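Single-structure report; data block below.
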Amino acid sequence: MASFSSKTSQNSANNINFLKILGVSIEDSQSTTKLKSRFIELAKQTHPDVSSPPPNLPSFATIRSAFEALMDQAAKNSPTKSPEEATSNFDTWFRQHVFSASNSTLDEISAAASLSPGGLDKGGMWDLARQVAAEESTRTPDPVPLPPPNPPVYSSIESSLRSAFSPSFLLILNESHMHNVPPNSETHFKVVVVSPTFKGLKPLARHKLVNQALKEELEGPVHALSIVAKDEEQFEKMGGREKYMPESSPSCRGGDGSLPKRNEK
16 MASFSSKTSQ
26 NSANNINFLK
36 ILGVSIEDSQ
46 STTKLKSRFI
56 ELAKQTHPDV
66 SSPPPNLPSF
76 ATIRSAFEAL
86 MDQAAKNSPT
96 KSPEEATSNF
106 DTWFRQHVFS
116 ASNSTLDEIS
126 AAASLSPGGL
136 DKGGMWDLAR
146 QVAAEESTRT
156 PDPVPLPPPN
166 PPVYSSIESS
176 LRSAFSPSFL
186 LILNESHMHN
196 VPPNSETHFK
206 VVVVSPTFKG
216 LKPLARHKLV
226 NQALKEELEG
236 PVHALSIVAK
246 DEEQFEKMGG
256 REKYMPESSP
266 SCRGGDGSLP
276 KRNEK
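For the sequence shown, the working numbering gives the first residue as 16, with consecutive numbering after it.
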């Protein structure tokens with residue numbers, strides 16, 4: 016009798032410690048629903064995935080051990096059911112919590128089960144997974160990053176040509192990589208400008224207008240400029256906006272290394 020009394024006292028002391036760890040009353044410890052709710056609340060704050068858990072709370076492992084012990088005790092204290100009734104209740108619960116769950120919840124369950132196998136609801140896994148999935152659906156999506164701005168010389172050329180000619184079609188190609196200059200340079204360009212300004216003008220006159228519009232750029236960083244200047248009628252004969260394909264300028268020897276090397280004879 017003394018041994019039995021000592022063992023009973025030890026179990027009671029352990030239960031009190033478990034109650035303190037979870038922060039629940041004796042009455043709440045008889046409810047598996049309340050135990051799960053409290054465990055989930057603490058797990059969100061102390062799980063290893065949390066970057067900075069509160070220092071005043073026990074570790075996640077301690078909390079989980081206390082939760083599992085109290086859940087076992089609550090199950091032992093629950094009224095005894097016949098095998099048929101117990102099986103029926105389990106089937107209903109299992110289908111409600113699993114087969115009716117959303118795909119995102121099922122994904123969470125699968126991932127958690129692979130990391131922590133053993134037990135149908137170890138650590139309140141399904142309840143925690145369901146809450147995580149619900150929060151995921153309402154989470155604000157990450158902002159879409161803005162595209163990088165055009166390089167400064169490219170932007171300057173575009174601004175100057177649009178201001179001078181109000182082109183109906185404008186194409187600017189940075190061909191610096193085809194020449195013997197450092198990578199990411201802005202020194203060699205090809206421009207295709209289609210504007211009514213060029214109507215009736217000879218090619219030399221059109222090129223002079225483009226060179227004049229880009230005077231500052233040509234006096235500064237731009238070393239070479241290839242020009243295609245057409246009016247709308249000429250541009251349509253070349254295929255127009257849908258079919259026009261600019262011819263590649265001849266590359267010089269060297270370049271920034273991004274082009275295939277020529278075969279040496």
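For each residue, glycine too, the CB sits at the ideal point set by N, CA and C.
This one's a predicted model, so the numbers in the text were calculated from it and none came from an experiment.
Verify whether the separation of the beta carbon atoms of A228 and L185 is less than 8 Å.
no
Taking the alpha-carbon of A81 as reference, which of Q60, K35, R256 has the nearest alpha-carbon?
Ranking Q60, K35, R256 by Cα distance to A81 puts K35 first.
Can you grab the Cα-Cα spacing for the pair S170 / V208, in whole Å?
Answer to the nearest angstrom: the Cα atoms are 15 Å apart.
Just curious, the beta strand (DSSP E) that K205 is in, first and last residue?
According to the DSSP assignment, K205 belongs to the beta strand (DSSP E) that extends over 203-209.
Are the beta-carbon atoms belonging to T202 and P236 less than 8 Å from one another?
Closer than 8 Å, so yes.
For the alpha helix (DSSP H) that I41 lies in, which residues bound it at each end?
Looking at the DSSP string, I41 is not in any alpha helix (DSSP H), and its letter there is neither H nor E.
For E240, I'd like the list of residues in its chain whose CB is within less than 6 Å of its CB, leaving aside the five on either flank, ordered along the chain.
Note that residue 240 is Leu in the sequence shown here, rather than Glu. Answer for L240: F204, listed in chain order.
Are there 16 or more other CB atoms within 10 angstroms of the CB of R281, so buried, or fewer, so exposed?
There is simply no residue 281 to check, as the chain begins at 16 and stops at 280 in what is shown.
Pull the bridge partners of N189 from the DSSP assignment, please.
N189 is bridged by DSSP to F204.
Is the Cβ of P164 closer than 8 Å to any Cβ of chain D?
No chain D is part of this structure, which consists of one protein chain only.
Buried or exposed: R79, going by 16 or more other Cβ atoms within 10 Å of its Cβ?
buried
Could you compute how far the alpha carbon of K245 sits from the alpha carbon of P158?
42 Å
Compute the distance between the beta-carbons of T61 and P68, then report whether it is under 8 Å.
yes
Please report how far the alpha carbon of F180 lies from the alpha carbon of D64, in whole angstroms.
Rounded to the nearest whole angstrom, the C-alpha separation of F180 and D64 is 59 Å.
Report all residues from its chain with a CB closer than 7 Å to the CB of H238; omit the five preceding and five following residues, and keep chain order.
T202, H203
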